[in-house]
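Novice: Residue numbers (the working numbering): 1 to 268. Backbone N, C-alpha and C fix where the C-beta goes; we use that ideal spot for every residue, glycine too. Below is one structure. I have some questions about it.
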């Protein structure tokens, strides 16, 4: 893929939209300069990234009939990263061949992502806007839905989860796929992902998560179904303290990833 400069633009409704929580957007905007510091406050995302990337690559390659271990398994696919942050997942997906667009409600974070991609010579189109605004553009004919949409560790931070899923659904083309990562709302996640990660181990700044906003797999599946998407798989993601790494597992009590599809239109 020929390298060109990454771009960062703002849409007509750039910044927090109806799905965005202004306080959450501001919290992550304050961390903009730290996105690419693997030992900074976003270290947990850096540690999560390898397993997240493998999951996205493997599910999308399988969905579109590609060889996951090939040199560019996502070549030619249009992919949207919703809540892209500083580009931690957008950049490796671009290197796997996808034509990546990244959107985030925090303009400061988008600027960091665009600068980092530009310095790496990666062709990623970044925009500061909410998914419902991009979905409105697509509905108005100003763009096309995407082959795949990815949104990792985002839904637990939005103001209106159902509206958020509705927007994602409108951004996936018929026959396309959606990959999500989030946190389950269980007693175990309260103890480990909230109290343990923020107050005991200090992996995350205090206040990063509100346990009440965590989403159970059944709630996610029901929400996706309301908006034309079918949940095909839920995979747990668990931490190994021995190796300081994460892996896929059957235990989805805390972190999990989900793969969903939008059925192809009749005759499509």
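Span of the alpha helix (DSSP H) holding residue 110?
Specialist: As a working note, residue 110 is residue 110 in the chain shown. Looking at the DSSP string, the run of the alpha helix (DSSP H) that includes residue 110 is 107-120.
Novice: Mind checking residue 208: buried by the 16 CB within 10 Å criterion, or exposed?
Specialist: On the chain shown, residue 208 is found 208 positions in, with the first residue counted as 1. Classification for residue 208: buried.
Novice: Who are the near neighbours of residue 12 in its chain, counting only those whose CB is closer than 6 Å to its CB and skipping five residues on each side?
Specialist: Position 12 of the chain shown, counted from the first residue, corresponds to residue 12. Low confidence applies here, because residue 12 scores a pLDDT of 38, under 50, leaving its location unreliable and the question unanswered by this model.
Novice: Residue 146 and residue 97 look like a contact to me (Cβ under 8 Å); what is the Cβ gap, rounded to whole Å?
Specialist: Residue mapping note: residue 146 aligns to position 146 of the chain shown, counting from 1. Residue mapping note: residue 97 aligns to position 97 of the chain shown, counting from 1. The Cβ separation is near 15 Å, so there is no contact.
Novice: Closest by CA to residue 52, which one among 28, 71, 22, 91?
Specialist: Here the question's residue 52 lines up with position 52 in the chain shown. Checked all of 28, 71, 22, 91; the closest Cα to residue 52 is 91.
Novice: If you run the structure through DSSP and keep just helix, strand and coil, what is residue 91?
Specialist: Position 91 of the chain shown, counted from the first residue, corresponds to residue 91. Residue 91 falls in the helix class under three-state DSSP.
Novice: Leaving out five residues on either side along the sequence, give the residues of the same chain with a beta carbon under 6 Å from the beta carbon of residue 161.
Specialist: Position 161 of the chain shown holds residue 161. The answer, listed in chain order, is 155.
Novice: Could you say if the stretch 213-232 and the stretch 244-260 meet the contact criterion of at least three C-beta pairs nearer than 8 Å?
Specialist: Cβ pair count under 8 Å is three or more, so yes.
Novice: Using the Cα positions of residue 20 and residue 85, report the straight-line distance between them to the nearest angstrom.
Specialist: In the chain shown, residue 20 corresponds to position 20, counting from 1. In the chain shown, residue 85 corresponds to position 85, counting from 1. Taking the straight line joining both Cα atoms gives about 14 Å.
Novice: Among 136, 171, 128, whose alpha-carbon lies nearest the alpha-carbon of residue 148?
Specialist: Along the chain shown, read from residue 1 onward, the residue named residue 148 stands at position 148. Ranking the options by Cα distance to residue 148, first place goes to 171.
Novice: Roughly how many angstroms lie between the CA atoms of residue 1 and residue 179, to the nearest whole one?
Specialist: One-based indexing of the chain shown puts residue 1 at position 1. One-based indexing of the chain shown puts residue 179 at position 179. With a pLDDT of only 33 at residue 1, under 50, the local geometry of the prediction cannot be trusted, and no value is derived from it.
Novice: Less than 8 Å between the beta carbons of residue 28 and residue 109, yes or no?
Specialist: Taking the first residue of the chain shown as position 1, residue 28 is located at position 28. Taking the first residue of the chain shown as position 1, residue 109 is located at position 109. Closer than 8 Å, so yes.
Novice: Are the Cβ atoms of residue 163 and residue 18 separated by less than 8 Å?
Specialist: The residue labelled residue 163 in the question sits at position 163 within the chain shown. The residue labelled residue 18 in the question sits at position 18 within the chain shown. Yes.
Novice: Could you pull out every residue in the same chain whose Cβ sits closer than 7 Å to the Cβ of residue 151, ignoring the five residues on either side in sequence?
Specialist: Taking the chain shown and counting its residues from 1, the one referred to as residue 151 is at position 151. Around residue 151: 82, 83, 168, 180.
Novice: Run through DSSP, which three-state label would residue 5 get?
Specialist: Position 5 of the chain shown holds residue 5. Low local confidence applies: a pLDDT of 44 at residue 5 is under 50, so the model's placement there is unreliable, with the coordinate-based value given in what follows. Residue state, collapsed to three classes: coil.
Novice: Do you know how far the Cα of residue 89 is from the Cα of residue 143?
Specialist: The count along the chain shown starts at 1 and reaches residue 143 at position 143. The count along the chain shown starts at 1 and reaches residue 89 at position 89. In a straight line, the C-alpha of residue 143 is about 23 Å away from that of residue 89.
Novice: Using only the alpha-carbon positions, how far apart do residue 174 and residue 130 sit?
Specialist: Taking the first residue of the chain shown as 1, we reach residue 174 at position 174. Taking the first residue of the chain shown as 1, we reach residue 130 at position 130. Answer to the nearest angstrom: the Cα atoms are 21 Å apart.
Novice: Taking its Cβ as the centre, do 16 or more other Cβ atoms sit within 10 Å of residue 73, making it buried, or is it exposed?
Specialist: As a working note, residue 73 is residue 73 in the chain shown. The residue is buried, with at least 16 neighbouring Cβ atoms inside 10 Å.
Novice: Rounding to the nearest angstrom, what Cα-Cα distance links residue 60 and residue 218 in this structure?
Specialist: Numbered from its first residue, the chain shown carries residue 60 at position 60. Numbered from its first residue, the chain shown carries residue 218 at position 218. When rounded, the distance between both Cα atoms is 22 Å.
Novice: Buried or exposed: where does residue 185 fall if 16 or more other Cβ atoms within 10 Å of its Cβ makes it buried?
Specialist: Numbered from 1 along the chain shown, position 185 holds the residue referred to as residue 185. The residue in question, residue 185, is buried, as its Cβ has 16 or more Cβ neighbours within 10 Å.
Novice: Shortest alpha-carbon distance to residue 125 belongs to which of 87, 251, 133, 246?
Specialist: Counted from its first residue, the chain shown places residue 125 at position 125. Out of 87, 251, 133, 246, 87 has the C-alpha closest to the C-alpha of residue 125.
Novice: To the nearest angstrom, report how far apart residue 206 and residue 141 are at their CA atoms.
Specialist: On the chain shown, residue 206 is found 206 positions in, with the first residue counted as 1. On the chain shown, residue 141 is found 141 positions in, with the first residue counted as 1. The straight-line gap from Cα to Cα measures roughly 42 Å.
Novice: If residue 227 sits next to residue 165, beta carbons under 8 Å apart, how far is it from one beta carbon to the other, in whole angstroms?
Specialist: What you label residue 227 is simply residue 227 of the chain shown in a count that begins at 1. What you label residue 165 is simply residue 165 of the chain shown in a count that begins at 1. Their Cβ separation, rounded to whole angstroms, is 5 Å, which keeps residue 227 and residue 165 in contact under 8 Å.
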